[in-house]
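Each position in the sequence shown, counted from 1, maps to that position plus 23 in the numbering used here. These notes concern the structure reproduced below.
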Amino acid sequence: MRLHRPRHLVPLGAALAVLLSGCSGEAEEAPPGQVTASAKAPKTSDAPKTSAPDRGRTWEPDDALHRAERALDAQDDDSRPKRADSGSAFLADGVRRTFRAPGKRWYRLDLTCDTSGVRDVTLTLTRGSAEQAYGIDCGDPEADQFNIPPGAPFTARVDAVRSGTGLVLWRLNTVAPDEVDGCEDDIDGCGG
């Protein structure tokens, strides 16, 4: 499993201001396992048209969606995750999603972004008074993964970024406690 430790912690306000950017419009909630049409960015002639993984190629929403889905599917461990939720959003709309976390299995939030004009975004995870911000590089071939123990609901937040075009996809999985790799609680943090 590819776990990402904070490449750089950023101040909370700055962290949230960087995450999502893209086209305007209302974000739509997608049923588990389905990406909404809201993840497709409108065509604009004034925005840069290259994506992080394919510099030099025109950034196209459908291609970006496929790349982001492949990044979510890239799993290099033997865990047997069970999908609990998934969704997508425009970078310009941002993400603010509260997840319930009942049961005995750990939760793993996989998150990726594919953009034009934005190199990275900031994911902020919050539960109660605990909060951690993580930089997410857009266009990586594997999604960033964050472990959250079962318990109280937690919130994943990516602030809207109006200066770029792109999308963010996430998938919330559950994994057995013995399949948790790396830090067991990426909200409380495990040091750095």
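All C-beta atoms, glycine included, are put in the ideal place defined by N, C-alpha and C. Just so you know, these numbers come straight off a predicted model, no measurement behind them.
{"Check": "Straight-line gap, residue 171 to residue 207 (C-alpha atoms, nearest Å)", "Outcome": "7 angstroms"}
{"Check": "C-beta atoms of residue 134 and residue 184 nearer than 8 angstroms", "Outcome": "no"}
{"Check": "Option in 160, 168 and 92 with minimal Cα separation from residue 139", "Outcome": "160"}
{"Check": "Backbone CA spacing between residue 111 and residue 210 [nearest angstrom]", "Outcome": "21 angstroms"}
{"Check": "Through-space distance from residue 198 to residue 126, alpha-carbon basis", "Outcome": "11 angstroms"}
{"Check": "Between the CA atoms of residue 94 and residue 147 - distance to the nearest angstrom", "Outcome": "20 angstroms"}
{"Check": "Option in 177, 107, 144 and 189 with minimal Cα separation from residue 86", "Outcome": "189"}
{"Check": "The beta strand (DSSP E) enclosing residue 114, as first and last residue numbers", "Outcome": "First-last for residue 114: undefined, no H or E at that position."}
{"Check": "Helix, strand or coil at residue 84 according to DSSP, with G and I counted as helix", "Outcome": "helix"}
{"Check": "Separation of residue 102 from residue 116, as counted between CA atoms", "Outcome": "32 angstroms"}
{"Check": "Alpha carbon of residue 174 to alpha carbon of residue 124, nearest angstrom", "Outcome": "5 angstroms"}
{"Check": "Bridge partner(s) assigned by DSSP for residue 133", "Outcome": "168 and 194"}
{"Check": "Residue burial classification, residue 136 (beta-carbon count within 10 angstroms, cutoff 16)", "Outcome": "buried"}
{"Check": "Beta-carbon gap between residue 120 and residue 179 smaller than 8 angstroms", "Outcome": "yes"}
{"Check": "Pairwise C-alpha distance: residue 200 and residue 181", "Outcome": "27 angstroms"}
{"Check": "Through-space distance from residue 128 to residue 142, alpha-carbon basis", "Outcome": "33 angstroms"}
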